[in-house]
Amino acid sequence: MTLLTNWNNEIRFEVADDHFERPMQVRDVRAIVTRAFDQHQRVTVIGAMHSTIEYIVGIGIVISMENMAHVLPVDREGLTITVEGGVTLRQLGAYLRELGL
Numbered sequence: 001m002t003l004l005t006n007w008n009n010e011i012r013f014e015v016a017d018d019h020f021e022r023p024m025q026v027r028d029v030r031a032i033v034t035r036a037f038d039q040h041q042r043v044t045v046i047g048a049m050h051s052t053i054e055y056i057v058g059i060g061i062v063i064s065m066e067n068m069a070h071v072l073p074v075d076r077e078g079l080t081i082t083v084e085g086g087v088t089l090r091q092l093g094a095y096l097r098e099l100g101l
């Protein structure tokens, strides 16, 4: 079992290892969702676990975005940045400070 907790350890829940996924790329997410659909299972996506309320997790497949934490193109003129789903606000803020934005 994989134990998941929110940022302050108030919310804790376990997910069976064979139902917990950590994709590396978009194609991995696509494969996981396709498998879940074929098996009639729910999919729950989790990020940095900042929530302070309980939400339905652990039913079906749980996808953690932690390994998809890359900053993609930055459009300085349009003041737009694209990031993957695992980027935390802290990481994004630090990256933007490095760029002077």
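Start counting the sequence shown at 1; every next residue gets the next number (this note's numbering). Glycine included, each C-beta is placed from N, C-alpha and C at the ideal position.
Cβ distance (whole Å) where residue i is taken to contact residue j below 8 Å
{"i": "L105", "j": "V62", "result": "What is shown of the chain runs 1 to 101, which leaves residue 105 out entirely."}
Pick from the options that is closest to residue i, judged by C-alpha positions
{"i": "G60", "options": "I46, Y95 and G86", "result": "I46"}
{"i": "A69", "options": "V26, G78, R97 and V33", "result": "V26"}
{"i": "A48", "options": "G93, Y95, L89 and L3", "result": "L89"}
Counted within 10 angstroms of its Cβ, other Cβ atoms place residue i as buried (16 or more) or exposed
{"i": "E21", "result": "buried"}
{"i": "M65", "result": "buried"}
{"i": "G93", "result": "exposed"}
Own chain, CB closer than 8 Å to residue i, minus 5 neighbours either side, in chain order
{"i": "M1", "result": "E14, V15, A16 and D17"}
Contacting residues, own chain, Cβ-Cβ under 7 Å from residue i (five flanking each side not counted)
{"i": "P23", "result": "V29, I32, I63, N67 and M68"}
Residue i - containing beta strand (DSSP E), residue span
{"i": "T34", "result": "Looking at the DSSP string, T34 is not in any beta strand (DSSP E); the run it does join, the alpha helix (DSSP H), is V26 to D38."}
Neighbourhood of residue i by C-beta distance below 6 Å, restricted to the same chain and skipping five residues each side
{"i": "I81", "result": "V74"}
{"i": "H50", "result": "W7"}
Alpha helix (DSSP H) segment containing residue i, residue limits
{"i": "R97", "result": "L89 to L99"}
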